[in-house]
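Have a look at the structure below before the remarks.
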Amino acid sequence: MLTMLLKRSSQSGTSITVKELLMAAGVDSLENITDSISGNGESFRRRGCVLRVSIRYDNWRRTWFGTTDIEYSYFVRRVPYVDYVIKEVQPVRDIHTVGEKIHFLSSPIYRLQRKRYAVRIEFEQSGSLGMFSASSLVIKLASSIGLLTLTATLIECLALYVLPNKNNYREQIIDMSTIEKGATEKKKREGAKEL
Numbered sequence: 000m001l002t003m004l005l006k007r008s009s010q011s012g013t014s015i016t017v018k019e020l021l022m023a024a025g026v027d028s029l030e031n032i033t034d035s036i037s038g039n040g041e042s043f044r045r046r047g048c049v050l051r052v053s054i055r056y057d058n059w060r061r062t063w064f065g066t067t068d069i070e071y072s073y074f075v076r077r078v079p080y081v082d083y084v085i086k087e088v089q090p091v092r093d094i095h096t097v098g099e100k101i102h103f104l105s106s107p108i109y110r111l112q113r114k115r116y117a118v119r120i121e122f123e124q125s126g127s128l129g130m131f132s133a134s135s136l137v138i139k140l141a142s143s144i145g146l147l148t149l150t151a152t153l154i155e156c157l158a159l160y161v162l163p164n165k166n167n168y169r170e171q172i173i174d175m176s177t178i179e180k181g182a183t184e185k186k187k188r189e190g191a192k193e194l
């Protein structure tokens, strides 16, 4: 069972009780009969249960710049057919007294095993948080313009010097009239210097 518990802003703060989490997971009371495999008709209070709480953060969906307050949603689910128990084993040593002194035997005589049933709550968080950064925008624009310029230069070099029809490409790319005009002006200057 997946239930949305609440959605709040980060400025309001959140305080949730275990009872609210249990209610959101569909457990109205700890006295309800558990569905765990080893439950034998006992209640959640006697056998325990496991709740999974998913927290989803978000702040970028409402505005383009992502400057709204952080909102988060809680989704609570009880893991079906599972109880929760903690087993604790404590060695018990025998004590005997001689006069006023207390002496412990070196090895344990027996062990005391305690089973504690509880409500286990597991949290997982995910989300999308964002913020506008002018410096990041400028860096990305500058790097993309640089890559476009490099690509254009590489393509031009390939067309002019490597490809089989490089002469045709050179005629199309370079305006020969400006080259010839520059050459004739250079010859005129050289001729004027000789006179």
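Going letter by letter, the sequence shown gives residues 0 to 194 in numbering that gives the first Met the number 0.
C-beta: ideal position from N, C-alpha, C; glycine also.
Model, not experiment: these values are computed from the prediction.
- request: Spell out a yes or no on whether the segment 83-93 and the segment 114-132 are touching, meaning 3 or more CB-CB pairs, one atom from each, closer than 8 Å.
  value: With contact defined as three or more Cβ pairs closer than 8 Å, the segment 83-93 and the segment 114-132 are in contact.
- prompt: Quick one: what's got a C-beta closer than 7 Å to L162's C-beta in the same chain, skipping five residues either side?
  reply: Counted from its first residue, the sequence shown places residue 162 at position 163. Excluding positions up to five away in sequence, the list reads Y168.
- request: Look up E123 in the DSSP assignment and say whether it is helix, strand or coil.
  value: Locating residue 123 in the sequence shown gives position 124, counting from the first residue. In the three-state reduction of the DSSP assignment, E123 falls in the strand class, which pools E and B.
- prompt: How far does the beta strand (DSSP E) with E87 in it reach, from first residue to last?
  reply: Here residue 87 refers to the residue found at position 88 when the sequence shown is read from its first residue. For E87, the enclosing beta strand (DSSP E) begins and ends at V84 to V91.
- prompt: Apart from the five residues on each side of it in sequence, which residues of its chain come closer than 6 Å, Cβ to Cβ, to V137?
  reply: Locating residue 137 in the sequence shown gives position 138, where the first residue counts as 1. The answer is none, since no qualifying residue turns up.
query: From which residue to which residue does the beta strand (DSSP E) around V49 run?
result: Position 50 of the sequence shown, counting from 1, holds the residue named residue 49. Its beta strand (DSSP E) spans residues C48 to D57.
field: CA-to-CA distance, D68 to F131, given in whole angstroms
entry: Here residue 131 refers to the residue found at position 132 when the sequence shown is read from its first residue. Here residue 68 refers to the residue found at position 69 when the sequence shown is read from its first residue. Put simply, the backbone Cα of F131 is about 14 Å away from that of D68.
Bridge-paired residues (DSSP) for I32: Here residue 32 refers to the residue found at position 33 when the sequence shown is read from its first residue. DSSP lists S42 as partners of I32.
query: By the 10 Å Cβ neighbour count, where 16 or more other Cβ atoms means buried, how is V75 classified, buried or exposed?
result: Within the sequence shown, the letter at position 76 stands for residue 75. Buried: at least 16 other Cβ atoms inside 10 Å.
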